[in-house]
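Just so you know, the sequence shown maps onto residues 1 to 538 in the UniProt record's numbering.
Glycine included, C-beta positions come from ideal geometry on N, C-alpha and C.
Working notes, beginning with the structure itself.
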Amino acid sequence: MTKSKKLLLIGGVVAMGAVPIVTVVACGTNTAAVANQILPVAVTTKTGTVIYKAGQSIFGVMDGASADVADVNTYVSSLSDVQRASLVSVLDASKTKASNTVTAADFTILATLPGTPNDVSIRMGAPVINARFNTVVNVPIYFSKGTVSQSNRNESIVVVEIPGFKAPVANFKNGAIATAFGDNTNKRWDDALKFSLQNTTQLGFTTFGNNTISQPNQNTFLQNQISNNNVKGIALGASESAGVGASLTSAATAGKPVVAYDRLILNDSSSYNFYTTFDNVGVGTLQGLALASGLVGRTTPFANTNEMTTFINNMENKPVISAMLFAGDPADNNAQLFFNGAKAVLDAFKTAYGTNFSYLGAEDFNSVSTAGWNATTARNNYQTRIDAANETQRNSLRGILAPNDNLAISIIGGLRATRLDLSKIYVTGQDSIDTSVVNIKNKGGQSMTVLKSDFDLTAVNLTILDYLITNNAATRASNAWTVEQLKSLEEFVSVRNPLIKFSIDRTNFKTSSGKEIITFLLTPITVTSANVNTLFTF
């Protein structure tokens with residue numbers, strides 16, 4: 001099944017299957033010639049999102065075509081005298097146009113805003129969605145939060161430019177970026193590779209890509225890219241942290257920066273400095289809070305452990321219930337983080353609930369981990385534990401902590417095979433793969449998953465690489481980055497991805513030798529039956 005119009009906190013470039021919105025200058029001039037001189041650097045919405053005041057331009061997203069004129073008028077009126085400037089363009093995403101040229105004739109005057117410096121005419125027209133045009137003019141493409149449906153919702157973009165200000169013109173880069181990911185058994189990583197290659201192209205680089213669960217095969221690919229003079233940097237989601245060190249050393253020797261992708265590389269101390277991931281303890285926390293809510297029959301996940309504890313304390317009856325725990329690959333640093341986040345919540349649940357709650361089977365990470373994230377192994381482990389349980393224990397099972405969707409699907413197969421009532425058992429997951437999303441929609445066994453947008457994560461990862469490559473910072477060690485230099489990188493990433501929320505941590509993510517890796521953390525989102533139809537339209 002193919003996802004369509006999945007738009008959530010996605011910024012930077014066009015997402016697969018989504019309705020794109022393109023900013024193009026339309027002021028009665030040759031728009032194609034002018035467009036690549038406008039670089040939106042801040043974003044706001046009429047619903048109150050904070051304006052990011054990086055640089056001198058304001059970039060606004062106004063929701064709902066019927067209210068555009070009033071919204072723009074209010075917005076422009078709120079600007080300072082210096083900020084008030086010509087309205088460059090408004091594009092209506094409810095229309096489409098496939099062409100590699102745009103002229104003023106493509107736009108019609110919708111209304112005029114009196115009181116602006118030039119009594120600006122608001123022009124509305126069809127967005128240019130042809131990928132070739134988008135690449136040629138290098139205009140950033142953005143989405144507002146939520147799901148866009150062409151049939152019932154319009155999205156418009158407003159760009160306000162300060163007179164005399166010119167942002168740098170984005171040109172094609174002289175070189176390539178290679179993407180090496182490490183799990184071709186998981187559709188999530190296949191999709192991530194597609195997004196990475198797409199985002200690489202949008203940045204102006206040519207691409208090389210590979211996804212394999214075999215570390216020797218990944219190392220062969222990496223060595224080929226490192227020896228390729230055209231390759232300037234590498235986005236790396238290692239198959240095995242312990243087996244990629246030699247490739248990292250080769251890349252460092254060649255002066256080619258590596259930014260780790262969603263898997264912290266522990267077994268190397270000097271050859272890379274940056275890591276992009278989600279708040280993976282936070283992912284586990286979301287799983288734990290959702291599972292805790294399911295254990296007591298709530299359809300909405302608890303917001304935090306305080307809410308959970310208060311709810312449990314107010315329960316009049318606490319029936320005997322249990323949960324079975326699973327974790328990911330012990331060779332993957334993230335697996336421990338996911339588990340730690342979830343287990344902390346569940347231990348707090350156990351304390352509040354009392355002796356009527358227990359773990360069915362083992363509860364420590366090493367005992368419940370799943371080598372290689374192998375789904376068959378997870379199902380076999382389920383079978384072993386359920387076979388060892390007596391009938392009372394089996395009937396008390398109300399929750400499964402599954403660390404990702406692939407394992408969840410396999411364990412659900414085991415639950416069905418042992419004829420347990422799936423309607424009574426809350427099953428977690430992660431990655432929002434198509435099958436799991438459909439199961440959540442249709443109440444087909446899985447109860448929740450976690451949305452981690454690989455489109456967003458690849459965009460941030462590649463933007464960091466772009467900065468390192470183009471600013472002669474490829475070999476600067478993580479501990480050598482000054483506050484000012486890191487701030488410059490942060491602004492560079494923010495400007496090019498204004499709708500992606502992230503934080504930077506330069507102390508808590510370390511290699512096995514203790515080297516601190518500068519880490520960009522994106523925010524994950526819980527997906528349940530309560531919000532799945534808002535986040536996904538199939």
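task = Give the DSSP-derived three-state secondary structure of V450 in the structure shown.
result = strand
Spatially closest choice to N531 from R476, V450, R506 and K515, by CA coordinates = V450
inquiry  = Quick check on N304: does DSSP put it in helix, strand or coil?
reply    = coil
message = Pull the bridge partners of D505 from the DSSP assignment, please.
response = T519
query = Quick one: what does DSSP say T370 is sitting in, helix, strand or coil?
reply = coil
query = Hey, out of S293, P524, L489 and D505, whose CA is closest to L457's CA?
reply = P524
task = Compare the Cα-Cα distances from G361 to each of F302, T310, L521 and A388 and report the closest residue.
result = A388
request  = Flag this pair as yes or no: are the beta carbons of A327 and S358 separated by less than 7 Å?
outcome  = no
query = In chain order, what residues of the same chain lie with their CB nearer than 7 Å to the CB of A466, ignoring the 5 residues before and after it?
reply = First, the amino acid is wrong: residue 466 is Asp here, not Ala. Same-chain partners within the cutoff: L203.
inquiry  = Please classify M124 as buried or exposed, where buried requires at least 16 neighbouring CB atoms within 10 angstroms.
reply    = Residue placement at M124 is flagged as unreliable, the pLDDT there being 30, under the threshold of 50; the coordinate-derived value follows with that caveat. Classification of M124: buried, given that the 10 Å Cβ count is 16 or more.
request  = Measure the C-alpha to C-alpha separation of V231 and G175 and round it to an integer number of angstroms.
outcome  = 6 Å
ask   = Are the CB atoms of A178 and Q225 nearer to each other than 7 Å?
value = yes
inquiry  = So for L414, helix, strand or coil by DSSP?
reply    = For clarity, residue 414 is Gly in the given sequence; the question names Leu instead. Helix at G414.
ask   = Expressed to the nearest angstrom, what Euclidean distance is found between the alpha-carbon atoms of D434 and E484?
value = 42 Å
ask   = Do you know how far the Cα of A290 is from the Cα of M315?
value = 18 Å
ask   = Helix, strand or coil: how does DSSP classify S494 here?
value = helix
inquiry  = In this structure, how does DSSP classify F221 when only helix, strand and coil are distinguished?
reply    = helix
message = Rounding to the nearest angstrom, what Cα-Cα distance links T355 and R496 in this structure?
response = 52 Å
key: Endpoints, beta strand (DSSP E) assigned at T207   = T206 to N211
inquiry  = Considering only the alpha carbon of each residue, which of F274, D268, K441 and F338 lies closest to G282?
reply    = F338
query = Can you give, in chain order, each stretch of the alpha helix (DSSP H) that sits fully within the segment 453 to 495 and has at least 4 residues?
reply = 454 to 470
message = Rounded to whole angstroms, what is the Cα-Cα separation between T299 and T376?
response = 29 Å
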